[in-house]
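So the sequences go chain by chain: A and B.
Last residue of the first sequence: 414 (the numbering used here), numbering continuous.
Last residue of the second sequence: 414 (the numbering used here), numbering continuous.
Protein chains: 2
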Amino acid sequence: MKGFFKVQTPDQLFLKLDRFKPLAPEEVPLEESLHRVLAEDIVSPTHLPQFARSTVDGFALKAKDTYGASEKNPAIFKVIGEISMGRISELALRDSEAVKIATGGMVPEGADAVQMVEYIEWVDSHAIHVFKTLSPLENVIQAGEDIKGGEVVLRKGSFLRPQEVGLLAGIGKTPIRVFLKPEVGIISSGDEIVPVEQEPSAGEVRDINRHTIVSMAKEAGGVPIFLGIAKDRFSDLKEKIGQGLKESDMVVITGGSSVGTLDLVGEVLQSFPKTEILGHGLSIRPGKPTLLADVDGKPFLGLPGHPVSAMVIFHLFGRPILKILSGLSGETASGMRWKARAARNIPSVAGREDYVRVKLEEKDGILWAHPVFGKSGAISHLVHADGLIRIGIDEEGLEEGEEGEVIFL
Amino acid sequence: MKGFFKVQTPDQLFLKLDRFKPLAPEEVPLEESLHRVLAEDIVSPTHLPQFARSTVDGFALKAKDTYGASEKNPAIFKVIGEISMGRISELALRDSEAVKIATGGMVPEGADAVQMVEYIEWVDSHAIHVFKTLSPLENVIQAGEDIKGGEVVLRKGSFLRPQEVGLLAGIGKTPIRVFLKPEVGIISSGDEIVPVEQEPSAGEVRDINRHTIVSMAKEAGGVPIFLGIAKDRFSDLKEKIGQGLKESDMVVITGGSSVGTLDLVGEVLQSFPKTEILGHGLSIRPGKPTLLADVDGKPFLGLPGHPVSAMVIFHLFGRPILKILSGLSGETASGMRWKARAARNIPSVAGREDYVRVKLEEKDGILWAHPVFGKSGAISHLVHADGLIRIGIDEEGLEEGEEGEVIFL
Numbered sequence: 006m007k008g009f010f011k012v013q014t015p016d017q018l019f020l021k022l023d024r025f026k027p028l029a030p031e032e033v034p035l036e037e038s039l040h041r042v043l044a045e046d047i048v049s050p051t052h053l054p055q056f057a058r059s060t061v062d063g064f065a066l067k068a069k070d071t072y073g074a075s076e077k078n079p080a081i082f083k084v085i086g087e088i089s090m091g092r093i094s095e096l097a098l099r100d101s102e103a104v105k106i107a108t109g110g111m112v113p114e115g116a117d118a119v120q121m122v123e124y125i126e127w128v129d130s131h132a133i134h135v136f137k138t139l140s141p142l143e144n145v146i147q148a149g150e151d152i153k154g155g156e157v158v159l160r161k162g163s164f165l166r167p168q169e170v171g172l173l174a175g176i177g178k179t180p181i182r183v184f185l186k187p188e189v190g191i192i193s194s195g196d197e198i199v200p201v202e203q204e205p206s207a208g209e210v211r212d213i214n215r216h217t218i219v220s221m222a223k224e225a226g227g228v229p230i231f232l233g234i235a236k237d238r239f240s241d242l243k244e245k246i247g248q249g250l251k252e253s254d255m256v257v258i259t260g261g262s263s264v265g266t267l268d269l270v271g272e273v274l275q276s277f278p279k280t281e282i283l284g285h286g287l288s289i290r291p292g293k294p295t296l297l298a299d300v301d302g303k304p305f306l307g308l309p310g311h312p313v314s315a316m317v318i319f320h321l322f323g324r325p326i327l328k329i330l331s332g333l334s335g336e337t338a339s340g341m342r343w344k345a346r347a348a349r350n351i352p353s354v355a356g357r358e359d360y361v362r363v364k365l366e367e368k369d370g371i372l373w374a375h376p377v378f379g380k381s382g383a384i385s386h387l388v389h390a391d392g393l394i395r396i397g398i399d400e401e402g403l404e405e406g407e408e409g410e411v412i413f414l
Numbered sequence: 006m007k008g009f010f011k012v013q014t015p016d017q018l019f020l021k022l023d024r025f026k027p028l029a030p031e032e033v034p035l036e037e038s039l040h041r042v043l044a045e046d047i048v049s050p051t052h053l054p055q056f057a058r059s060t061v062d063g064f065a066l067k068a069k070d071t072y073g074a075s076e077k078n079p080a081i082f083k084v085i086g087e088i089s090m091g092r093i094s095e096l097a098l099r100d101s102e103a104v105k106i107a108t109g110g111m112v113p114e115g116a117d118a119v120q121m122v123e124y125i126e127w128v129d130s131h132a133i134h135v136f137k138t139l140s141p142l143e144n145v146i147q148a149g150e151d152i153k154g155g156e157v158v159l160r161k162g163s164f165l166r167p168q169e170v171g172l173l174a175g176i177g178k179t180p181i182r183v184f185l186k187p188e189v190g191i192i193s194s195g196d197e198i199v200p201v202e203q204e205p206s207a208g209e210v211r212d213i214n215r216h217t218i219v220s221m222a223k224e225a226g227g228v229p230i231f232l233g234i235a236k237d238r239f240s241d242l243k244e245k246i247g248q249g250l251k252e253s254d255m256v257v258i259t260g261g262s263s264v265g266t267l268d269l270v271g272e273v274l275q276s277f278p279k280t281e282i283l284g285h286g287l288s289i290r291p292g293k294p295t296l297l298a299d300v301d302g303k304p305f306l307g308l309p310g311h312p313v314s315a316m317v318i319f320h321l322f323g324r325p326i327l328k329i330l331s332g333l334s335g336e337t338a339s340g341m342r343w344k345a346r347a348a349r350n351i352p353s354v355a356g357r358e359d360y361v362r363v364k365l366e367e368k369d370g371i372l373w374a375h376p377v378f379g380k381s382g383a384i385s386h387l388v389h390a391d392g393l394i395r396i397g398i399d400e401e402g403l404e405e406g407e408e409g410e411v412i413f414l
């Protein structure tokens, strides 16, 4: 690593991410809004429900006419009709009259409550007995009780889950203004790297990082564009990085197996105008050679070549950057932090943050983390792991039973 | 509800899901295998790594030549060359010779360990001092140490995360045999339901369920196909259900607002050959009218019309069915179960399972569940919720601080 880049802590580098900004908005139909991020506050144009609706199957009536009713002393009501679903009823209730109504039906004029079918009995085909008193508004959801017209129902920066999509459907909001999905140019590098389809000669290895990083970029809401395998040469790196910076919103390169590659990548970046290297070298394991730059406003992330290191660093920095570009508000971008207890002693070295692969096991509501040992190049160990447990920069490891933050993989 | 269907507990109904079987397999290129489920055991055709590789930047040498070396008494080595990445080296080491090597480089013949660059010093341009002893195999990952050729590396039924995709890339496995993604025919029903684009007249409501259930089916790995809004009439329901059963692997209908709709749906189902109603009526809230059937081997799920109820039941039954059709092995299909503590008393009624909408908050590694109250039709409350907390069938609620299982929404 070049001497003029000071090794930073992961937290120091993380703080620099807030210079990046969300992409431009676009409009999508409601059907395509799932897992997108709102680029506008949503104001409801309408009450929801739009009219008073019954929440049960029963009889709409005036609550006051049930006062005093009991099993032994039922109140009697004249049934003057039935509410059809989806229609306005012409019916208007007078005292001691009732109208049959199904769940979701429009409560007719004059009625202020609905008695459940369980608490009535037919006297004859035109009259019912009611055995239980009701309060006004019981079993009725009033117009605007769920959502008021003019109310802000969802904020800019909200992630759209199925229930938010349902809410937008309920108020008839389509199309929706969301942030563009970030396009991520992904480059593999290294003279020894060959495409998966190719039989490697001695000394060559297949390109694992392309596939893990493309997959992780998809999971983080990005649109990955693979730009090919660059040789460890200035000219080849410059061409592919240049293409990525031109065609995508963010560029990620995996640095071959050699630590030196990211130095060369740093030199290539400096040859583009308005490049600022934000960090090169992190006090973290795995992932020390990590490179982060801002090239004329676009984030550039250089990942170590070890597949495991590349995945850890992409998780810690690539994902948060993609979430920022996607327009997620800060709080959501960081996500919920989970804790697990070490199932045995997990050693570490103070002065760097350690992310140890663990297999997670839940027992009586407590999450236990079993370390999965193995050399850092081994992808099979990552397959056996469910997550990573973090050992802080000032800690010398976790003792059995001690708690640490976990990341799910 | 028809009297001849006995109300079941959710657990009783859940046990009946194992009659459904995974769909047929198909082949997909590695690039499209993320989040698919393996339909074959994967046997590695090759060792990984395929040759002994250095795990550090340094010098390959014979470990025995470092024995006794220290800061005060370094061992001296003649540097006979450098390993190029991606090439077979012609070099073969003799005693007290060293070769420069980068991380991932192929360890040359004669060498059995790699000394890190931090523990050497150049004497002149052809010789180095080594200040630290090494054991044989130190800083070397041997051929087959990660994965052995002939070994089963992934089992049929495995869900492919980024790291599994990476492993498949590493062993050159493409295309991959995975289970087909289940196509889910989705029908909304109810005379009062209008499409989102349409301005509802009085008494009408927009189709929320289409959008929530389509979204949830996507999240569960299905391919949703929306078949339209059916009127509450035998003929209309029969036509749309018939179409769904013909064209998709599973059919889901939301039952309008009226409890009676699912009775009518039950009658329609009985008119198809080889229909077995597995359940109609559950001791659960919300979601009591739930209908589950097996129509000539295809799962049919009838959901209540309330958006919130429909989402809860889809989560509890629709998702697990989709995971079975997708070929996920049982253990993975059920998923990890999380617990949270009630942040205040949450009342319930014994004799039914209650799923109460909650906002989850993590404090010092403990998850607290704050109930979000509101009438069951209110979609806005679901937007404020992060999950559901389960209150068991024999419990009368959760006391403040008491633990319950939670589902994330």
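Just so you know, even glycine gets a beta-carbon here, dropped at the ideal spot from N, CA and C.
Contact check for Val354 (chain B) and Ile394 (chain B): beta-carbon distance about 15 Å, past the 8 Å limit, so the pair fails to qualify.
For His216 (chain A), the neighbours in chain B by C-beta distance under 8 Å run, in chain order, Leu35, Glu36, Pro167, Val170, Gly171, Leu173 and Ala174.
Neighbours of Phe322 (chain B) in chain A, taken as residues whose beta carbon is under 7 Å from its own, are absent, since the nearest beta carbon is some 16 Å off. Residues of the stretch 34 to 60 of chain B with a C-beta less than 8 Å from any C-beta of chain A: Leu35, Glu36, Leu39, Leu53, Pro54, Gln55, Phe56, Arg58 and Thr60, listed in chain order. In summary, the residues of the stretch 190 to 213 of chain A whose CB is separated from some CB of chain B by less than 9 Å are Gly195, Asp196, Glu197, Ile198, Val199, Val201, Glu202, Gln203, Glu204, Pro205, Ser206, Ala207, Gly208, Glu209, Val210, Arg211, Asp212 and Ile213, in the order they occur in the chain. Burial is judged here by how many other beta carbons sit within 10 angstroms of a residue's own beta carbon; Gly227 (chain B) has at least 16 and is buried. Met221 (chain B) and Phe319 (chain B) have their alpha carbons spaced roughly 8 Å apart. Taking 9 Å as the CB threshold, Pro312 (chain B) lines the interface with chain A. For the stretch 136 to 163 of chain A, the residues whose beta carbon sits under 8 Å from a beta carbon of chain B are, in order, Ile146, Glu150, Asp151, Ile152, Val158 and Leu159. In terms of beta-carbon proximity, Ile93 (chain B) lines the interface with chain A, with at least one pair separated by less than 9 Å. Contact between the stretch 260 to 280 of chain A and the stretch 307 to 316 of chain A is present: three or more C-beta pairs spanning the two stretches fall below 8 Å.
Ile384, Ser385, Leu387 and Val388: these are the residues of the stretch 384 to 398 of chain A whose beta carbon lies less than 7 Å from some beta carbon of chain B, given in chain order. Secondary structure note for Ser240 (chain A): its alpha helix (DSSP H) is the uninterrupted segment Phe239 to Glu252. Residues of chain A whose Cβ lies closer than 7 Å to the Cβ of Ser220 (chain B) are, in chain order, Leu39, Pro167 and Val170.
Rounded to the nearest whole angstrom, the CA to CA distance from Lys105 (chain B) to Thr179 (chain B) is 35 Å. Proximity of the stretch 134 to 154 of chain A to the stretch 107 to 122 of chain A meets the contact definition, three or more beta-carbon pairs being nearer than 8 Å. Remark: fewer than three beta-carbon pairs, one from each stretch, lie closer than 8 Å, so the stretch 323 to 335 of chain A and the stretch 368 to 386 of chain A are not flagged as touching.
For Gln168 (chain A), the enclosing alpha helix (DSSP H) has its first and last residue at Pro167 to Gly175. Listed in chain order, the positions of the stretch 98 to 116 of chain A with a beta carbon within less than 7 Å of a beta carbon of chain B are Ala107, Thr108, Gly109 and Met111. Spatial neighbours of Gly379 (chain A) in its own chain (CB-CB distance under 6 Å, excluding positions within 5 residues in sequence) are listed in chain order as His386.
Assignment of beta-bridge partners to Thr280 (chain A) by DSSP yields A:Val300. Residue-level contact check: Thr14 (chain A) does not touch chain B, since none of the beta carbons of chain B fall below 9 Å from its beta carbon. Across the set A:Ala207, A:Lys83, A:Leu365 and A:Gly154, the C-alpha of A:Ala207 shows the shortest separation from the C-alpha of Gly109 (chain B). Comparing alpha carbon positions, the residue from A:Phe82, A:Asn78, A:Gly115 and A:Ile133 closest to Leu96 (chain A) is A:Gly115. The C-alpha of Asp129 (chain B) lies about 29 Å from the C-alpha of Gly195 (chain A).
Here DSSP, grouped into helix, strand and coil, assigns Val219 (chain A) to helix.
For Gln203 (chain A), no alpha helix (DSSP H) run applies, since DSSP gives it neither H nor E.
Residue environment analysis places Glu102 (chain A) among the buried positions, since at least 16 neighbouring C-beta atoms fall within 10 angstroms of its C-beta. Closer than 9 Å to the CB of Gly284 (chain B) there is not a single CB belonging to chain A. The Cβ of Met90 (chain A) sits closer than 9 Å to at least one Cβ of chain B.
Taking 8 Å as the upper bound for CB-CB distance, Asp299 (chain B) and Leu283 (chain B) are in contact here, some 6 Å apart.
The contact set of Glu123 (chain B) on chain A, defined by CB atoms closer than 9 Å, is empty, because the minimum CB distance reaches about 12 Å. Three or more beta-carbon pairs separated by less than 8 Å link the stretch 287 to 301 of chain A to the stretch 17 to 37 of chain A, which places the two stretches in contact. Non-local C-beta neighbours of Ser163 (chain A) in its own chain, meaning closer than 6 Å and more than five positions away in sequence, comprise Leu43, ordered along the chain.
For Thr259 (chain B), the beta-bridge partners assigned by DSSP are B:Ser193 and B:Leu308. For Gly265 (chain A), the enclosing alpha helix (DSSP H) begins and ends at Gly265 to Gln275.
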